[in-house]
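What follows is a single structure, written as structure tokens, with notes after it.
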Amino acid sequence: MIGTFRANNPFNTFLLLIYGLLLKLVWFIHPQIPVVQKTDGLFYNRVLLVVKPFLDQYPFVYSLIAFIFIYTQALSFNRLLNNRKLMQKPNYLPGMSYLLITSFFPEWNILSSSLILNTLLIWVWAKMSSLYNNPHAKSTLYNIGMVIGITTFFYFPSLAFGLLIIFALLITRPIKVAEWLISILGILTPWYLLFAWLFLTNRLYSFQVPGIRIQYSSFIQNNTQYAGMLLILLSAIMGAVFVQINARRQVVQVRKSWGLLLLYLIVAILIPFINSIHNFQYWILTTVPLSAIIACFFFYPTKKWFPLSFHWIMVAFVIYMDYLKR
Numbered sequence: 019m020i021g022t023f024r025a026n027n028p029f030n031t032f033l034l035l036i037y038g039l040l041l042k043l044v045w046f047i048h049p050q051i052p053v054v055q056k057t058d059g060l061f062y063n064r065v066l067l068v069v070k071p072f073l074d075q076y077p078f079v080y081s082l083i084a085f086i087f088i089y090t091q092a093l094s095f096n097r098l099l100n101n102r103k104l105m106q107k108p109n110y111l112p113g114m115s116y117l118l119i120t121s122f123f124p125e126w127n128i129l130s131s132s133l134i135l136n137t138l139l140i141w142v143w144a145k146m147s148s149l150y151n152n153p154h155a156k157s158t159l160y161n162i163g164m165v166i167g168i169t170t171f172f173y174f175p176s177l178a179f180g181l182l183i184i185f186a187l188l189i190t191r192p193i194k195v196a197e198w199l200i201s202i203l204g205i206l207t208p209w210y211l212l213f214a215w216l217f218l219t220n221r222l223y224s225f226q227v228p229g230i231r232i233q234y235s236s237f238i239q240n241n242t243q244y245a246g247m248l249l250i251l252l253s254a255i256m257g258a259v260f261v262q263i264n265a266r267r268q269v270v271q272v273r274k275s276w277g278l279l280l281l282y283l284i285v286a287i288l289i290p291f292i293n294s295i296h297n298f299q300y301w302i303l304t305t306v307p308l309s310a311i312i313a314c315f316f317f318y319p320t321k322k323w324f325p326l327s328f329h330w331i332m333v334a335f336v337i338y339m340d341y342l343k344r
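Start counting at 1 in the sequence shown, then tack on 18, and there's your number in the working numbering.
Next up, the structure:
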């Protein structure tokens, strides 16, 4: 399987679809109806409350929408990594890794605000990694800020991803106050439009801005969840080793892109501790950068039996969680 996806063959797009369907088949057999969380953003809550009376009668549709999001995220992120040349040769391993690790826990296969956020954040990372020597940086930064502002309508603590703009500017460009102000203006624009609409409809004083609180997220509840986290952690550590080994042979722009991906991962790890809930739902935000790192573990080792064996151990864990433990 790894050998197949190591090749840059367009047919692998179809094979990824089959791979993903096999991993996530159980969610089509036993579809789950999404539940509105207190921590979800106002836009996501409104949309979900509108469609639930219709779609709750056909829960299969929820699973189909969730799979479409996950599959398209895997393809788009895989294409971005290949275009940015973050690995030695183009391949389909990042997409495979994303489909694999998002199959580990039930919360990562149910339609949720955090799953939708991954689509927006992949776009944000792509634009940030293009800031180096970008002649139109100001318009790009404004667009990045606007998209991050929009993400807060799905999950307000995602505002923390605004830190990525700061890191991106520090890593990729000389300090210019105008660019920083434009980024902040982009983040504030969606909220300005919202408040303008609330004012015009006489709802401004009844609207409450979501609060932020930092607290411990006790998300792990049993030993199988520990085992799943351990498998992801081990594969990510081994992948990080290969990223570091090959960094010396990469051009400056590629190294900066890897640096932004690492910062993306750090912020995504911190996000679930803001207004935390006691499940894995918001930890799916970490799977995008993790899939790139894990793909390096599958790609670079000269002894192919080791990553191949580890891949099938991870697949076995998915089968256990989806069928045997269920």
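Ideal Cβ positions, reconstructed from N, Cα and C, are used throughout, including at glycine.
Looking at F46, Y76, L117 and A84, the one whose alpha-carbon comes closest to that of V336 is L117. CA-CA distance, F174 to T57, rounds to 8 Å. Around the CB of G246, 16 or more other CB atoms lie within 10 Å, so the residue is classed as buried. By the Cβ test, the region 301-308 is in contact with the region 275-290, since at least three Cβ pairs between them sit closer than 8 Å. Beyond the five residues adjoining it in sequence on each side, F316 comes within less than 6 Å, by CB distance, of I20, L111 and P325 in the same chain, given in chain order.
Judged by DSSP secondary structure, M146 falls within the alpha helix (DSSP H) whose first and last residues are S131 to M146.
Residue ranges of uninterrupted alpha helix (DSSP H) with 4 or more members, entirely inside the region 176-217 and ordered along the chain, are 180-190.
In summary, W330 is exposed, with fewer than 16 beta-carbon neighbours lying within 10 Å of its beta-carbon over all protein chains present.
Taken through DSSP and simplified to helix, strand or coil, I51 comes out as coil. DSSP places T170 outside any alpha helix (DSSP H), giving it a letter other than H or E.
DSSP places Q271 inside the alpha helix (DSSP H), whose first and last residues are V270 to L288.
In the displayed model, I292 falls within a strand according to three-state DSSP.
Comparing C-alpha distances from L138 to each of M105, I88 and W215 shows the shortest one belongs to I88.
In the structure shown, the three-state DSSP call for D340 is helix.
Contact annotation: the region 81-101 does not touch the region 192-209, with fewer than three C-beta pairs closer than 8 Å. Between the beta-carbon of G257 and that of I202 there is about 34 Å, and that puts the pair past the 8 Å contact cut. The Cβ atoms of L98 and W143 lie closer than 9 Å to each other.
In chain order, N26 and N100 place their CB closer than 8 Å to the CB of P108, counting only its own chain and leaving out the 5 sequence neighbours on each side.
In its chain, beyond the 5 residues on either side, no residue has a beta carbon closer than 8 Å to the beta carbon of F72.
Per DSSP, the continuous alpha helix (DSSP H) segment holding N264 begins and ends at N241 to A265.
For A92, the uninterrupted alpha helix (DSSP H) run begins and ends at F78 to R102, by DSSP. In this structure, DSSP gives Q106 a state outside helix and strand, which the three-state scheme calls coil. Taking all protein chains shown into account, W323 has fewer than 16 neighbouring C-beta atoms within 10 Å of its C-beta and is therefore exposed. Cβ neighbours of I140 within its own chain (closer than 8 Å, five residues either side excluded): Q91, S94, F95, L98 and V306. Counting other Cβ atoms within 10 Å of its Cβ, F123 reaches 16 or more and is therefore classed as buried.
Within a 10 Å sphere around the beta-carbon of K42 sit 16 or more other beta-carbons, which makes this residue buried. The beta carbons of F328 and L248 sit no closer together than 9 Å. Under the DSSP assignment, F122 falls outside any alpha helix (DSSP H); it carries neither an H nor an E label. Between the alpha carbons of T320 and C314 lies a distance of about 12 Å. For the 9 Å CB-CB criterion, K274 and Y150 form a contact. About 5 Å separates the beta carbons of F179 and I166, which is inside the 8 Å limit, making them a contact pair. Assignment of P325 by DSSP, reduced to helix, strand and coil, places it in the helix class.
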